[in-house]
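Trainee: Sharing a structure below in structure tokens format, with a few things to ask.
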Amino acid sequence: MTSILLKAPRLALRDFQSTDLDEVHAYAEDERVVIHQEWGPNSLEQTRSFVESCVAEPRHPVRRSFNLAVVLADGSLIGGCLASVDTEGYAAEIGYSFHPKYWGKGYASEAVHCLLQFLWLDLGLHRVSASCRPENSASIALLQRAGFRLEGQLREHKFIRGHYRDSLIWGRLAGDEVHEGTVLTAFSKLDR
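Numbering (my numbering), first residue to last: 93 to 284.
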């Protein structure tokens, strides 16, 4: 498969490069970023291993994982988005992490929209899901803005930093009605 480059009005999603190590580590080692994640805070070696695995992804003959860097027009790497694809089920699960410096500016919403368009229009998927911790209000708000629906709560689903944590499960179908004010209505007429 070829390299991925997805463009949005203020940012782009692209495959990670080995030169991204320092910028990725700047958020992967930050406790504020990983507080709701199963991973981190990362050591430099853990981040290096992550970046190396991402750099190798495009070389797989059948690509099922799209771990993409989120970059601004000036080339600054501000975070990452992931889509783990189930090609047989026409479905994917997404995730995202961003450097705190870029929180609250709409970049995550824009990146998720861009990723959804790729999954539906380019890969022809039917369903996209995401999960987050019930206490992660920013992620809940993002998923709601992106048109996801809460489908359930898994009790003590993940073991994170010595404690079992619940997970909220969110889903969105390609044919779901998009309500005014969601991220998807704001970008529905963009050229790709």
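The beta carbon of each residue, even a glycine, is placed where N, CA and C say it ideally should be.
In this text, all values refer to a predicted model and were calculated from it rather than measured experimentally.
Pick out the complete alpha helix (DSSP H) segments inside the region 211-268, 4 residues or longer, and give them in chain order.
Mentor: 229-237
Trainee: Roughly how many angstroms separate the alpha carbons of P192 and D268, rounded to a whole number?
Mentor: 31 Å
Trainee: Tell me, to the nearest whole angstrom, how far the beta carbon of V163 is from that of S110; I am working on the premise that it is less than 8 Å.
Mentor: That belief does not hold up - the Cβ atoms of V163 and S110 are roughly 15 Å apart, past 8 Å.
Trainee: Flag this pair as touching only if the region 233-242 and the region 258-265 have three or more C-beta atom pairs under 8 Å; answer yes or no.
Mentor: Three or more beta-carbon pairs separated by less than 8 Å link the region 233-242 to the region 258-265, which places the two stretches in contact.
Trainee: If you drop the 5 nearest sequence neighbours on each side, which residues of the same chain put their C-beta closer than 6 Å to that of R156?
Mentor: Only residues of its own chain outside the window of five on either side were considered, and among them V177 have a CB closer than 6 Å to the CB of R156, listed in chain order.
Trainee: Sort F210, R247 and C206 by Cα distance to P226 and report the nearest one.
Mentor: R247
Trainee: Does the distance from the CB of F306 to the CB of L174 come in under 9 Å?
Mentor: No information on residue 306 is available, as it lies outside the stretch 93 to 284 that the chain covers here.
Trainee: With C-beta atoms as the reference, is A222 less than 9 Å away from G171?
Mentor: Against a cut-off of 9 Å, the Cβ pair of G171 and A222 comes out as no contact.
Trainee: Per DSSP, G172 forms a beta bridge with which residues?
Mentor: Paired residues: A161 and S189.
Trainee: Rounded to whole angstroms, what is the Cα-Cα separation between E137 and E144?
Mentor: Each residue's alpha carbon lies about 10 Å from the other.
Trainee: Kindly identify the DSSP beta-bridge partner or partners of L97.
Mentor: R106
Trainee: Taking the alpha-carbon positions, what's the G198 to H152 distance?
Mentor: 32 Å
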